[in-house]
Amino acid sequence: MLKWFQFLQCLISAPPRLLVSADAIMVDPPLSPGQQELCRQKPELVPAIREGARLGLQECRSQFRHERWDCRPSRELTALHCFAGTKESAFVYAVTAAGLVHAVTRSCSAGNVTECSCDTKLQGGGSASEGWHWGGCSDDIHYGMSFSRSFLDAPIRNASGKSGNGLLAMNLHNNEAGRQVLDCRCHGVSGSCAVKTCWKTMSSFEKIGRFLKDKYENSIQVSDKMKKKLRRKEKSQRKIPIQKEDLLYVNKSPNYCVEDQKLGIPGTQGRECNRTSDGPDGCNLLCCGRGYNTHVVRHVERCECKFVWCCYVRCRRCETMTDVHTCK
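Taking mature numbering (1 follows the signal peptide of the UniProt record, and there is no 0), I'd label the letters of the sequence shown as residues -22 to -1, 1 to 306.
Structure below.
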């Protein structure tokens, strides 16, 4: 997770003008030799790689914005070792793998990649009796899936070799779990037309993020000692099969409540919380039982605006006072 999270952070923080070529993307991020070669071979996909990273991290931060861990790693990147093999690491692998598929597929549908375009397998089919047929530009996720596996999985496979490392096998599984979430749904042109034209398009990435967050909440702990395949940590549950879309973890998560500079954990002190919520954003949970401070914030804004003939808008200045609660 360390190198991949570092790579994502570099992609997100770098100015877009520096990430439009294969040479530029390989200046700072820690790409493996295979990934560098892919960038050289397919320079038109460099913007999609960046967009996939942005999608993944943005959705991670959105899904965890009210949690003790809010998907904002320490600037001390060496501290990210403490997250290796955790539930949080599993989510990051899955959501960024999904983000890369999503971005590459969108780039294909937009005609930005010479090797792929729309999914033409469905065109011409349909149901004449029901008054519709396949047409338009359906998203073809197969190329995106293939590129995501080549770009993200190959470095892990090269690192694992034949040793059967359980942690690396788990990372590969979580990458694939993220890809499995991407599906296509039917869209059609409706109205008074005699025949509707339908095409397939991917779900919104927000929907994908919600699904993966649910998988995170129900993630499965597996043994770090792999034999023929990954298996559950609990011996009593080993007969229950692990599904492709399940998220897996090896190590229990660290305590995110209290700041730990060595582990790069910022803690929750000073985080804004909701005094009336029973959810993860509630002051009781987010503040880890330490209590919270309340201070009043003054807001001044324009209000009761009216158009005066002729010709200007007259507004009042309204002042409101809001209680803001932050963790002790």
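Idealized CB from N, CA, C, for every residue including glycine. Every value quoted in this text rests on a predicted model; they were computed, and no experiment measured them.
Local conformation of residue i per DSSP, three classes
i      : result
Asn252 : strand
Asp259 : coil
Gly169 : With a pLDDT of 49 at Gly169, under the threshold of 50, the modelled position of that residue is not reliable, and the figure given next carries that caveat. Looking at Gly169 - three-state DSSP - the assignment turns out to be coil, as it is neither helix nor strand.
Asp131 : helix
Local Cβ density within 10 Å of residue i, reported as buried at 16 or more and exposed below that
i      : result
His273 : exposed
Tyr290 : exposed
Pro133 : buried
Thr56  : Because the pLDDT of Thr56 is 47, which lies under 50, any placement of that residue in the model is unreliable, and the question is left without a value.
Ala106 : Only weak support is given to the placement of Ala106: the predicted model assigns it a pLDDT of 48, under 50, and the question is left unresolved by the model.
Thr298 : exposed
Gly242 : buried
His277 : exposed
Phe285 : exposed
Ile218 : exposed
Lys20  : buried
Asp118 : buried
Val91  : buried
Ala31  : buried
Ser141 : Caution is warranted here: a pLDDT of 46 is assigned to Ser141, below 50, making its placement in the model unreliable, and the coordinate value is therefore given only provisionally. With fewer than 16 other Cβ atoms within 10 Å, it is exposed.
Gly144 : buried
Asn149 : buried
Val236 : exposed
Glu184 : exposed
Glu282 : exposed
Gln41  : buried
Cys49  : buried
Arg216 : exposed
Ser128 : exposed
Val302 : exposed
Under 7 Å between C-beta atoms of residue i and residue j
i           : j      : result
residue 313 : Asn229 : Since the first residue of the chain shown is -22 and the last is 306, residue 313 is not available in this structure.
Ala75       : Leu130 : yes
Glu37       : Gly156 : no
Cys296      : Gln247 : no
Leu190      : Val73  : yes
Asp238      : Ile198 : no
Tyr71       : Asn153 : yes
Lys193      : Ser201 : no
Gly34       : Gly77  : yes
Ala26       : Ala81  : yes
Cys251      : Tyr270 : yes
Cys266      : Arg253 : no
Ala68       : Tyr234 : no
Arg249      : Leu263 : no
Trp47       : Glu29  : no
N- and C-terminal bounds of the alpha helix (DSSP H) containing residue i
i           : result
residue 334 : Only positions -22 to 306 of the chain appear in this structure, which leaves residue 334 out of reach.
residue 314 : Residue 314 falls outside the range modelled here, since the chain spans only -22 to 306, and no answer is possible.
Phe125      : Ile119 to Ser126
Ala72       : Lys65 to Ser87
Pro21       : Looking at the DSSP string, Pro21 is not in any alpha helix (DSSP H), and its letter there is neither H nor E.
Leu146      : Gly144 to Gln158
Quick one: complete alpha helix (DSSP H) runs, 4+ long, within the segment 181 to 233?
You should have 183 to 195.
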